[in-house]
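**Student:** I'd like to ask you about the structure that follows.
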Ligand code: NAD
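Right, dumping it as structure tokens:
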């Protein structure tokens, strides 16, 4: 299927590794011109080169801390100048720490808010005029399967992602007339550094992953490219009538019927 992403311009945030990198690669492989952002310029430039070599399509690396209002404002301005348009925004960031509710103070909540909720608000608001100008666009947010069923110790993540679920519904409602769709993708367990860092330090990683996968109907941890495939579809012309949704990529891990 031709996803008609040739000549589309995509911004992928938090893309030096993990899910963001896999999404940038998948969009680039479909012909999109991709602009990737993350904090570490060296790692980001390496990722951009790697993707460009694999796909043959232009990838621009621009350092940004998505939690910093001035940096994200400059980033979106430069990104819009780079190819003269913005068609796709993939909102992503590092995840907040895991711990029990009682262990997070105001500072931890404030940081999670700026990194995982305000960053999405800001980037989306800043791309809006560019998408309105070209007559449409796609905003896709990476959130977490914890918005569908309880994940122990994920109170910071879940609280911020629930905010995004609500915000995306309102955005879908308001942006529909501009032909801009807004959707969330909720990963279950996908094999990235973030997941690897949550494994017990003293355990064999292979065994620990098998143990984690025991309750997943598909019997394994997901691959970043499996989540990227959904994002690429949501970014496509074919997904023009899908908006305001949250779709899980979790191997069936969430048993909730609704
Ligand atoms: P990862 O740690 O592998 O990659 C995170 C990326 O974010 C890196 O490129 C890092 O440089 C970048 N980043 C971190 N803070 C940033 C900042 N302030 N500004 C710009 N870039 C920043 O993580 P991942 O597994 O790819 O996770 C991506 C998102 O998906 C996270 O929010 C995570 O909580 C969420 N998530 C992941 C899983 C999973 O199984 N991997 C499950 C549920 C939710």
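Numbering (my numbering), first residue to last: 217 to 474. Where is the CB? At the ideal position from N, CA and C, for every residue including glycine.
Looking at the structure shown, is residue 235 part of a helix, part of a strand, or coil, going by DSSP?
**Tutor:** Residue 235 falls in the helix class under three-state DSSP.
**Student:** I want to know whether the region 359-366 touches the region 395-403 - three or more CB-CB distances under 8 Å.
**Tutor:** At 8 Å Cβ cutoff, the stretches touch.
**Student:** Along the alpha helix (DSSP H) that carries residue 429, what are the first and last residues, could you check?
**Tutor:** Note, residue 429: alpha helix (DSSP H), 421-429.
**Student:** Among 381, 427 and 339, which one has its Cα closest to the Cα of residue 226?
**Tutor:** Here the closest residue by C-alpha is 339.
**Student:** Would you say residue 431 lies against chain C (beta-carbon separation less than 8 Å)?
**Tutor:** No chain C is part of this structure, which consists of one protein chain only.
**Student:** Take every Cβ of the region 341-349, pair it with every Cβ of the region 366-373, and state whether three or more of those distances are shorter than 8 Å.
**Tutor:** Because the criterion of three Cβ pairs below 8 Å is not met, the region 341-349 and the region 366-373 do not touch.
**Student:** Name the DSSP beta bridge partners of residue 229, please?
**Tutor:** 253, per the DSSP bridge assignment.
**Student:** Can you name the residues that DSSP bridges to residue 277?
**Tutor:** 252, per the DSSP bridge assignment.
**Student:** Quick one: measure Cβ to Cβ for residue 356 and residue 241, integer angstroms, because I've assumed they're closer than 8 Å.
**Tutor:** Actually they are not in contact, since the Cβ atoms of residue 356 and residue 241 sit about 15 Å apart, beyond 8 Å.
**Student:** For the alpha helix (DSSP H) that residue 301 lies in, which residues bound it at each end?
**Tutor:** Careful: residue 301 lies outside any alpha helix (DSSP H) and carries neither H nor E.
**Student:** Residue range of the beta strand (DSSP E) that residue 392 falls in?
**Tutor:** Residue 392 -> no beta strand (DSSP E), and no H or E assigned at all.
**Student:** Do the region 311-328 and the region 286-302 meet, that is, are 3 or more Cβ pairs less than 8 Å apart?
**Tutor:** No: fewer than three Cβ pairs fall under 8 Å.
**Student:** State the start and end residues of the unbroken beta strand (DSSP E) segment that holds residue 471.
**Tutor:** Careful: residue 471 lies outside any beta strand (DSSP E) and carries neither H nor E.
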